[in-house]
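Visitor: From first to last, the protein sequence lines stand for chains A and B.
In terms of my numbering, the first sequence is residues 1 to 113.
In terms of my numbering, the second sequence is residues 1 to 122.
This is the structure I want to talk about, given as structure tokens.
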Amino acid sequence: DIVLTQSPLSLPVTPGEPASISCRSNQSLLHSTGYIFLDWYLQKPGQSPQLLIYLGSNRASGVPDRFSGSGSGTDFTLKISRVEAEDVGVYYCMQALQPPQITFGPGTKVDLK
Amino acid sequence: QVRLVQSGAEVKKPGSSVKVSCKASGGTFSTYAISWVRQAPGQGLAWVGGIIPISGGAHYAQRFQGRVTITADESTRTAYLEMSSLRSEDTAVYYCARDMRASGSYLSFQYWGQGTLVTVSS
Numbered sequence: 001d002i003v004l005t006q007s008p009l010s011l012p013v014t015p016g017e018p019a020s021i022s023c024r025s026n027q028s029l030l031h032s033t034g035y036i037f038l039d040w041y042l043q044k045p046g047q048s049p050q051l052l053i054y055l056g057s058n059r060a061s062g063v064p065d066r067f068s069g070s071g072s073g074t075d076f077t078l079k080i081s082r083v084e085a086e087d088v089g090v091y092y093c094m095q096a097l098q099p100p101q102i103t104f105g106p107g108t109k110v111d112l113k
Numbered sequence: 001q002v003r004l005v006q007s008g009a010e011v012k013k014p015g016s017s018v019k020v021s022c023k024a025s026g027g028t029f030s031t032y033a034i035s036w037v038r039q040a041p042g043q044g045l046a047w048v049g050g051i052i053p054i055s056g057g058a059h060y061a062q063r064f065q066g067r068v069t070i071t072a073d074e075s076t077r078t079a080y081l082e083m084s085s086l087r088s089e090d091t092a093v094y095y096c097a098r099d100m101r102a103s104g105s106y107l108s109f110q111y112w113g114q115g116t117l118v119t120v121s122s
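See the structure below:
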């Protein structure tokens, strides 16, 4: 199976400051189509997960432009340009390169300092 | 607007079975993959399996293979997750989620149900 690791696992943030989360895969997530099969999700406290970034770098509908995704191959980054209080929660990366072996990272808990 | 509404919480005895439903409204149902994702208390997310209703065939994560059955009823726009031989470790919130595009596979889960808590306890 493809294993995803995230760092850090806990990230205290200051509103207005930038934040960054790393996701690493033990295999390249570059599909033969040329797309990166890596998504980012945010699970706010008490809520269902929500899609933030799909195919590595595309913001999902309604996602603020302070969120961006980048990376290639095995190393990926989610960046928040200026954290807002509503951004707290757990962030997960997920790969779907080889269904049905779809896996999530362990999650990064983001909370306010 | 696509909306997924799941059935209510369940309490089950070890060794029994549970069936959770996920009813979709809005958008197209048959050609979009529906996945089931579970989250044990205080834990992360795990993909259980999924189905593309029009194809009829379901796919399962290896760790759940043999104990989980996923089906879909196109006439009622409802997907189902059935899990048998329940054990305490299956206590979790189970989410259904629909793909962003009708890609013929499982890619990006744009729409999520509200989750169903399944508690397995003697």
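Heads up, the beta-carbon is just placed ideally off N, CA and C, and yes, glycines get one too.
Mind checking if D39/A is an interface residue toward chain B, Cβ cutoff 9 Å exclusive?
Guide: Chain B contact via Cβ: present.
Visitor: What three-state label does DSSP hand S16/B in the structure shown?
Guide: Of the three classes helix, strand and coil, the one that applies to S16/B here is coil, per DSSP.
Visitor: So the candidates are A61/B, Q65/B and T119/B; which of them puts its Cα closest to the Cα of Q101/A?
Guide: With distances taken between Cα atoms, Q101/A lies closest to A61/B.
Visitor: Could you name each continuous beta strand (DSSP E) segment of 3 residues or more that falls completely within the stretch 51 to 102 of chain B, going from the start of the chain to the end?
Guide: As far as the stretch 51 to 102 of chain B is concerned, its whole beta strand (DSSP E) runs of at least 3 residues are 58 to 60, 68 to 73, 78 to 83 and 92 to 99.
Visitor: Evaluate contact between the stretch 34 to 43 of chain A and the stretch 87 to 104 of chain A, counting only Cβ atoms and requiring at least three cross-stretch pairs below 8 Å.
Guide: Because the criterion of three Cβ pairs below 8 Å is met, the stretch 34 to 43 of chain A and the stretch 87 to 104 of chain A touch.
Visitor: Let me check understanding here. Comparing Cα to Cα, which of L97/A, L51/A and Q6/A lies closest to T33/A?
Guide: Residue L97/A is the option with its Cα nearest to T33/A.
Visitor: Who are the Cβ neighbours of V3/A in its own chain at under 8 Å, not counting the five residues just before and after it?
Guide: Around V3/A: S25, N26 and T103.
Visitor: Distance check for T74/A and L38/A, CA to CA, integer angstroms please.
Guide: Each residue's Cα considered, the two are about 10 Å apart.
Visitor: Let me confirm a value: L112/A is counted as buried when at least 16 other C-beta atoms fall within 10 Å, else exposed. Which label applies?
Guide: L112/A comes out exposed.
Visitor: Report the start-end ranges of each beta strand (DSSP E) in the stretch 44 to 96 of chain A that is 3 residues or longer and not cut off at the edges.
Guide: Listed in chain order, they are 50 to 54, 67 to 72 and 75 to 80.
Visitor: Tell me whether P12/A sits in a helix, a strand or coil according to DSSP, three-state version.
Guide: If DSSP states are grouped into helix, strand and coil, P12/A belongs with the strands.
Visitor: Under 9 Å between C-beta atoms, does F76/A make it to chain B?
Guide: Cβ-Cβ to chain B under 9 Å: no for F76/A.
Visitor: Is F104/A helix, strand or coil when you go by DSSP?
Guide: Residue state, collapsed to three classes: strand.
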